[in-house]
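> One structure is given below, represented as C-alpha cells, and several questions about it will come after.
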Amino acid sequence: MILRHLYIVILLLIPALGIGQQCNNTLSGKVLDFHNKGPLAGATLFIPELDVSAITDFDGNYELKNLCEGEYELEIMHPECRTVFYTIRMSANTEKDFFLEHHLEQLEEVQVVGGAISKKTNSGLEQRLASEALVRYSGASLGEALNELSGVSSISTGATIVKPVIHGLNGSRVLVLNDGVRMQDMEWGDEHAPNIDINSANAISIVKGAAALQYGGDAIGGVILLDQETMPAQDTLYGKTVINGISNGRGGSISSELSKVFKDQWFLKAQGSYKRLGDQEAPDYILSNTGIEESGVSLQFGKKTFNWGIQGRFSYYDAEIAILRASHIGNIDDLIRSINSGIPEIIRPFTYDLQNPRQKVTHYLGKIALYKRFEGLGKWSLQYDFQDNRRLEYDVRRGELNDQASLDLQLTTHTLSTDFKWDADDKLEMQFGLMGRYQENFPNPATGVRRLIPDYEKIDLGVYGTAEYRLNNNWEIDGGIRYDYSQIDALKFYQTSRWEERGYDQEFNDIIVEDLGSQLLTNPVLDFNNISVTSGVKYSKDNNTFFRFNYSLSQRAPNPSELFSDGLHHSAARIELGDLRINSETSNKLSLSFEKQYADWGITIEPYANFLADFILLEPTGVEFTIRG
C-alpha cells in the first residue's frame, strides 16, 4: 500500500518538474522601422494567451521572460504603425527582430474636399475622385466624370463619345492607366473615346510633375490613373449594385461587383456592367442614330501583404456607338447645306437600332504583377500586361458593303516593366524603372477601302529615375528624368501621285520596296529619342494650405496616325494625311498652384504656361473630291 502511494506521488511530481523546467524561456530582440532599420521606441509586444507584455526602450529593445515551450500568437502595436500579428514557437531562449511599416500612416494621410482628394506627394498638383463621387457617373463616361476636377475638361464628338482634356491637351498627350496598365486603344483619334468601363475603377487620379515620369515621358498634358481599391486584411465578402435610369435616350445602365477576401489575404473580385441607350433627343427633334450599347466585365485575383504580393487581372470591354446620321456628308454641297440648316438634314422616329455610320470597339486586357519589399531598402515591382484592341468603323455604303466595315484595325500590345522604390531614409525617397513594349498593328485589307493606318511594328524602351526630398516639415523638393526610345517599322502603300505631291520622291526614295506603277510599296523605319525632365518645390503652410511650383520638359514622338494617315477617316468624316517628316514635339511647362482646404469645401488656383515647339496638329488644307460607288 505504501509503495502504491509512493508511485502516485512520483507520477505527480514528474510533470510538475517538467513544466517548471520548460517555462524559463526568453524571447528578446528589437522592433525596427522596416525602411531604415531605425529603432521604434514605445512599441508594445503582447501575448494574449499568457497575458504577458513588454514595451520597447529607446533603442527598440524588448524582452519577454518566463515563456513555456509551445506556439503563441504575438501582437505588436505602435502608435504610428499598423498592428501586426506573428506566430512564434518557443523551445529555447530566442532572439528575434521585428520590422514594422512606420510610414503607412503618413502615406495614407489625405485631405478630402467635395469628393476630390489631394495627396501630399510632390510639387505637381494631384487630384482624385473617390469611389463615392464615381457612383454618380456610373451611367456616364470617363471624360464626363473627370469634368468634376479643376483643370480638366472634355471634348465631345458625339452624343456618347467624350475624351478628357487636361490643360487644353488631349489624345496622345494625355496618358490613361487602367489599374497600372497604360491603355493602348488608338487614342490618336478625336472620336476614339477611352475604351474603359468607368464602373471597373474605385478611384481616379490626375497626376502631374515628377510622379508622372513613372508612366511615360510623353504625358505633356498629364496622367489619368484609374485605381482599384485596397482589399481589407480580413476574411470578408461584400459587393454593390448600381442601377441608373437615363431619360435622354430612354435607357439606362446597371453595374454590379462582388469581392471575397480569405483569411490568408488571397482575394477574388468580379465586376460587370451593361448600358443601353436609344436615340438622343433635342427639345424639338430626334437626333437620329445616336444610341449606344456598352458592356464590360473584369476579374481579379491575388494576395497582398506588406512584404509581398501578386495580382492578376483580366478585363473585356465592348461598345457599339452610333454616329449622328446627319453629320456624315457625301460632297461639299451637303456640308454647306448642313452648316446653314437650323436642324439636322435627317430626322427619323426614335429607335434603339444602331445603324451606319457607327463604330464598334472591343478591348481585351490582361496583366500579372508582383512586388516584394526588402528590409532597409524598399519595394521592387514587376509587371507584364497584354492588350488587344479592335476598332471597326462602318460608313453608309450600298448593297452588301453596308455590312462591311470601312475601317478595321487590330492593335496588339505587350509590355514588361519593373520598378524599384528606395525609401530607407525618412526624408529622401527615390524610384527607378525600366520599361519595354512591343506593338503590332494589323489593318484588315478586306474592307475594300484604302487603309488609313498601315501595317506596322513598334518598339518602345524607357528608363527613368525620380526623387523626392523633404527639407523640413514645410518644404519639399522633387525632380526626375526619363529617356524614351521608339522605333516604328511600317509597311505602307502610297499612290504614286500622292508620293510625288508630298515631295517624298526627293527625300525617301530609299524606302521604296516595290514600284507597282500607280502604287509604291514602302518600308519606312523611323527612330525617335526623347528626354523628359521635371523639377519642383512644394510649401505646406499647414495641413490645409499648400503652394506648389513645377517645371517640366516633355518630348512626345509622333503617333502612327500623324506619320502615316492616308485616306478617309470614316468616324471623323474627313480625309487625313500624315507626314513622314514630323519630328517629336517638345513642351516646356511652368505651373504654379495654391490650394486651401476647409472643413466642407476648398479652393484651388493653378495658373500655368506651356510653350510647345514642333506642335503636331491637323491643319485644313482644302477640299479633295473622291468617287464613291
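Offset between the sequence shown (1-based) and this note's numbering: plus 408. From the three backbone atoms N, C-alpha and C, an ideal C-beta is built for every residue, glycine too.
1) Does the beta-carbon distance from residue 687 to residue 681 come in below 8 Å?
2) Considering only C-alpha positions, which residue in the set 957, 458, 817 is nearest to residue 884?
3) Out of curiosity, what's the CA-to-CA distance linking residue 437 and residue 457?
4) Bridge partners for residue 944 per DSSP, in chain order?
5) Go to residue 971, then tell me how far its alpha helix (DSSP H) extends in each direction, as first and last residue.
6) Starting from the Cα of residue 747, find the closest Cα among 938, 734, 933 and give me that residue.
7) Going by beta-carbon coordinates alone, are residue 470 and residue 439 separated by less than 8 Å?
8) Taking the C-alpha atoms as reference points, what is the distance between residue 1029 and residue 795?
9) Just the C-alpha distance for residue 593 and residue 579, rounded to the nearest angstrom, thanks.
10) Of all the options 645, 939, 846, 947, which has the alpha carbon lying nearest to the alpha carbon of residue 964?
11) Alpha carbon to alpha carbon, how far is residue 679 from residue 645? Give it in angstroms, no decimals.
12) Would the segment 764-783 count as touching the segment 719-727 if we require 3 or more Cβ pairs under 8 Å?
13) Assuming residue 868 and residue 849 are in contact, meaning their beta carbons sit under 8 Å apart, how far apart are those beta carbons, in whole angstroms?
14) How many Å lie between residue 833 and residue 441 at the Cα?
15) Which full runs of the beta strand (DSSP E) of 3+ residues lie inside the segment 855-903, going along the chain?
16) When you compare only the Cα positions, how much space is there between residue 777 and residue 847?
17) Mind reading off the beta-carbon distance from residue 731 to residue 767? Whole number of angstroms is fine, and I expect it under 8 Å.
18) Mind checking residue 949: buried by the 16 CB within 10 Å criterion, or exposed?
19) Roughly how many whole angstroms lie between the Cα atoms of residue 740 and residue 1024?
20) Pull up the distance between the alpha-carbon of residue 446 and that of residue 505, whole angstroms please.
21) For the alpha helix (DSSP H) holding residue 539, just list the boundary residues, first then last.
22) Tell me where the beta strand (DSSP E) around residue 737 begins and ends.
23) Residue 845 to residue 542, Cα distance in whole Å?
24) So what does DSSP say about residue 845, is it helix, strand or coil?
25) Check each candidate in 1022, 1006, 878, 1002 and name the one with the smallest Cα separation from residue 1040.
26) Whose C-alpha, out of 674, 888, 971, is nearest the C-alpha of residue 616?
27) Which ranges would you report for the beta strand (DSSP E) in the segment 428-461 if only whole runs of at least 3 residues count?
28) Please classify residue 842 as buried or exposed, where buried requires at least 16 other C-beta atoms within 10 Å of its C-beta.
29) Please report how far the alpha carbon of residue 1000 lies from the alpha carbon of residue 539, in whole angstroms.
30) Tell me the residue span of the beta strand (DSSP E) that contains residue 553.
31) Leaving aside the five residues before and after residue 627 along the sequence, list all residues of the same chain whose C-beta is less than 6 Å from its C-beta, in chain order.
Judging by the given coordinates:
1) no
2) 957
3) 20 Å
4) 886, 958
5) 968-972
6) 734
7) yes
8) 36 Å
9) 11 Å
10) 939
11) 14 Å
12) yes
13) The pair is not a contact, with the Cβ atoms about 14 Å apart (cut-off 8 Å).
14) 10 Å
15) 863-878, 883-903
16) 20 Å
17) 7 Å
18) exposed
19) 26 Å
20) 12 Å
21) 539-543
22) Run containing residue 737: none; DSSP gives neither H nor E here.
23) 31 Å
24) strand
25) Here the chain has residues from 409 to 1037 only, and residue 1040 is not among them.
26) 888
27) 433-441, 452-455
28) exposed
29) 28 Å
30) Looking at the DSSP string, residue 553 is not in any beta strand (DSSP E); the run it does join, the alpha helix (DSSP H), is 550-554.
31) 583, 620
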